[in-house]
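Q: Residue numbers (the numbering used here): 64 to 199.
#1: Please look up how many angstroms separate the CB atoms of residue 83 and residue 119, rounded, as I've assumed it's under 8 Å.
#2: For a quick check, are the C-beta atoms of residue 102 and residue 130 less than 8 Å apart?
#3: Can you round the beta-carbon distance between residue 91 and residue 113 to whole angstroms, since I take them to be within the 8 Å contact cut?
#4: Please state if the CB of residue 145 and the CB of residue 86 are separated by a distance shorter than 8 Å.
#5: Under DSSP, the alpha helix (DSSP H) around residue 81 begins and ends at which residues?
#6: Considering only residues of the stretch 106–131, which uninterrupted alpha helix (DSSP H) runs meet the minimum length of 4 residues and lie entirely inside it, listed in chain order?
#7: With DSSP as the reference, label residue 191 as helix, strand or coil.
#8: Buried or exposed: which applies to residue 184, given that a residue is buried once 16 or more other Cβ atoms fall within 10 Å of its Cβ?
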């Protein structure tokens, strides 16, 4: 959950995610009249267009809905190339953020343990001084 909150604070993640969603919605809506105009296509509604856009961008590509017209395929190629690049960058940002968070946790833990060790050393030194003063 912390990773998700941290991701939402990052400007590059926000812009990339927004751009990806806007592009998928725009092309998912745009492809409907293009495919309808070609006659007998599989993308006949905005719902079909959005389904196709999401499966294309994420790389799932079930194959149940796909463009059949020339212009529809051109839109599809554009969505595939741009979508895969943007989606790949999103995944990379998530991975880097998770790695950074884990690294910060390790450093925090290391400094906490170092402080504990320093406290113990001070107590041992203090105890040693008492022994010397008492002649023990």
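Think of the CB as a built atom: it goes at the ideal place given N, C-alpha and C, for glycine as much as any other residue.
Small disclaimer: the values here were computed from a predicted structure and weren't measured.
A: Taking the geometry as given:
#1: With 8 Å as the limit, residue 83 and residue 119 do not qualify as a contact, their Cβ atoms being about 12 Å apart.
#2: Not in contact: residue 102 and residue 130 (Cβ atoms no closer than 8 Å).
#3: By a beta-carbon distance limit of 8 Å, residue 91 contacts residue 113. Their separation comes to about 4 Å.
#4: A contact, by the Cβ cut-off of 8 Å.
#5: Looking at the DSSP string, the run of the alpha helix (DSSP H) that includes residue 81 is 74–101.
#6: DSSP runs (the alpha helix (DSSP H)) wholly in the stretch 106–131: 109–120.
#7: In the structure shown, residue 191 falls within a helical segment according to DSSP collapsed to helix, strand and coil.
#8: So residue 184 counts as exposed.
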